[in-house]
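Worksheet for the structure shown next.
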Amino acid sequence: MASLKLGAPSSQWIAGDRSLDRRSRILTAAPRRRVAVGPIRAGSYTDELVLTAKVIASPGRGILAIDESNATCGKRLASIGLDNTEANRQAYRQLLLTTPGLGEYISGAILFEETLYQSTTDGKKFVDCLRQEKVMPGIKVDKADSCQHSLWSFCLGCKGSCMGSCSVCFHCSVEPEILLDGDHPIERTLEVAEKVWAEVFYYLAENNVVFEGILLKPSMVTPGAEHKEKASPEMIAKYTLKMLNRRVPPAVPGIMFLSGGQSEMEATLNLNAMNQAPNPWHVSFSYARALQNTVLKTWQGRPENVVVAQKALLVRAKANSLAQLGHYSAKGESQEAKTGMFQKGYTY
Ligand code: 13P
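If you're matching positions, the sequence shown starts at 27 in the numbering used here and goes up one per residue.
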């Protein structure tokens with residue numbers, strides 16, 4: 027977790043060489059082999075990085091994020107009355123990662139380290155289950171062996187001179203998340219997001235990062251969760267696209283939003299609103315909560331519910347696939363899908 031100061035000069039914003047070294051490791055480690063830490067250039071891996079980013083950013087598809095730490099996975103399990111044991115985490119992840127037909131809507135999955143080495147109860151590695159569905163396995167931070175992409179994340183806020191929660195994804199992706207926490211208007215989030223992205227791209231460019239080989243994983247530009255007025259999907263799309271158009275070069279292949287505590291339906295409606303006209307980049311999703319909520323509630327930890335819970339995952343994945351294409355309608359959405367998931371100070 028890193029924190030950035032809005033008032034600080036550029037060079038102090040992103041904690042200097044250390045974080046850059048870390049990113050360079052993630053970028054170069056992504057293509058399945060360990061290499062020495064060096065400057066942020068993909069070198070001989072450029073083609074693979076560019077291809078990976080392109081495949082993940084393919085029409086009608088997005089990312090399933092299940093990179094929550096064991097502690098956060100424990101909170102999810104506790105919400106349905108299960109203990110945070112490895113067996114329960116494995117059972118939940120098996121449900122998600124063996125969903126038949128997942129690859130139609132999901133192009134990549136971000137895993138937590140434990141999941142990377144886990145297998146199904148009949149011994150098949152989770153990464154192989156994903157590959158079979160043509161879903162690219164990825165990993166948070168720098169454990170990139172067996173993976174084709176990796177994620178680095180940190181948090182930022184909008185209050186005072188500090189920013190909330192930001193995650194930066196360097197599988198071939200970059201993702202800053204600005205937390206929903208606060209009572210600020212949407213204009214303030216826009217201001218903060220523009221500063222964050224100006225800084226991120228400053229350092230990416232300074233370090234010769236291959237823009238064609240990265241994906242962004244930003245939060246949407248919304249008012250703070252406690253702001254007196256709610257914003258419509260059209261308003262959120264307008265502000266978010268304004269920020270992205272001002273800051274993100276068209277060489278970047280994809281923008282894969284996180285859901286940040288929005289309800290499943292809100293996250294899908296907002297994505298749909300952003301895809302009503304062509305954008306310079308693929309605009310899609312990399313949701314965790316907004317793909318998993320109904321699944322979890324449907325499963326309840328019972329083996330007899332696995333199939334119906336997997337169907338619930340496909341419903342969400344398909345809805346977001348349609349939203350990526352700009353064709354989603356919220357008609358018939360369940361009450362669960364409309365339930366907001368914002369929690370103050372939420373961390374992964
Ligand atoms: P949420 O969709 O729950 O915000 O999480 C996305 C994410 O960034 C996990 O890596």
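Beta carbons are placed, not taken as given, at the ideal position from N, Cα and C, and that holds for glycine. None of these values were measured; they are calculated from a predicted model.
- Taking a cut-off of 8 Å for Cβ pairs, the region 275-289 and the region 348-357 do not touch, as fewer than three such pairs fall below it.
- Straight-line measurement puts the Cα of T365 at about 32 Å from the Cα of V81.
- A check of alpha carbon separations from L284 across Y265, M291, N298 and M246 identifies M246 as the nearest.
- Following the DSSP letters along the chain, one finds V76 inside the alpha helix (DSSP H) bounded by residues T72 to I82.
- Taking 3 residues as the minimum length, the beta strand (DSSP E) runs contained wholly in the region 236-323 are 280-283 and 308-313, in order along the chain.
- Note on K254: under 16 other CB atoms within 10 angstroms of its CB, so exposed under the neighbour-count rule.
- Sequence-distant Cβ neighbours of C99 in its own chain, meaning closer than 6 Å and more than five residues away, are R115.
- Taking non-hydrogen atoms of the ligand 13P into account, the C-beta of Y228 is found less than 7 Å away from none of them.
- Put simply, of G371, F152, N233 and S289 the residue whose alpha carbon is nearest the alpha carbon of R315 is S289.
- Per DSSP, I92 lies in no alpha helix (DSSP H) segment; the continuous beta strand (DSSP E) that holds it begins and ends at G88 to I92.
- Judged by pairs of C-beta atoms under 8 Å, the region 120-128 touches the region 148-162, as three or more such pairs exist.
- In the DSSP annotation of this structure, the continuous segment of the alpha helix (DSSP H) that includes L216 starts and ends at I212 to E232.
- Judged by beta-carbon spacing, P279 lies within the 8 Å limit of A83, meaning their Cβ atoms are closer than that value.
- Taking non-hydrogen atoms of the ligand 13P into account, the C-beta of K101 is found less than 7 Å away from none of them.
- With contacts defined as CB atoms closer than 8 Å, T146 and T124 qualify as a contacting pair.
- Within a 10 Å sphere around the beta-carbon of A335 sit 16 or more other beta-carbons, which makes this residue buried.
- The three-state secondary structure of L339, taken from DSSP, is helix.
- Contact check for I136 against I89 passes: the beta carbons are separated by less than 8 Å.
- Here the region 256-269 makes contact with the region 294-309; the two share three or more CB pairs at distances below 8 Å.
- Taken from the Cβ of Y313, at least one heavy atom of the ligand 13P lies inside 7 Å.
- Rounded to whole angstroms, the separation of the alpha carbons of L77 and R328 is 39 Å.
- Secondary structure in the region 84-169: the beta strand (DSSP E) runs of 3 residues or longer, each lying completely within the stretch, are 88-92, 132-137 and 162-166 in chain order.
- Short note on D207: C-beta not closer than 7 Å to any heavy atom of the ligand 13P.
- Proximity of the beta carbon of K160 to the ligand 13P is not indicated: no heavy atom of the ligand is located closer than 7 Å.
- Using a Cβ distance threshold of 8 Å, S360 and R87 do not count as a contacting pair.
- If the five residues before and after A257 are omitted, its C-beta is found closer than 7 Å to the C-beta atoms of I212, T248 and P249, all from its own chain and listed in chain order.
- DSSP places E330 within a helical segment (H, G or I) once states are collapsed to three.
- Residue environment analysis places V333 among the exposed positions, since fewer than 16 neighbouring C-beta atoms fall within 10 angstroms of its C-beta.
- Residue environment: A104 is assigned as exposed (fewer than 16 neighbouring CB atoms within 10 Å of its CB, all protein chains considered).
- Comparing alpha carbon positions, the residue from L75, A117, F138 and N234 closest to E94 is F138.
- A direct Cα-to-Cα measurement between A97 and T324 gives close to 21 Å.
- Taking Q144 as reference, the option from G134, I132 and L122 with the minimal CA-CA separation is L122.
- Shown here for P306: same chain residues with a beta carbon closer than 7 Å to its own, the five before and five after excluded, namely P276 in chain order.
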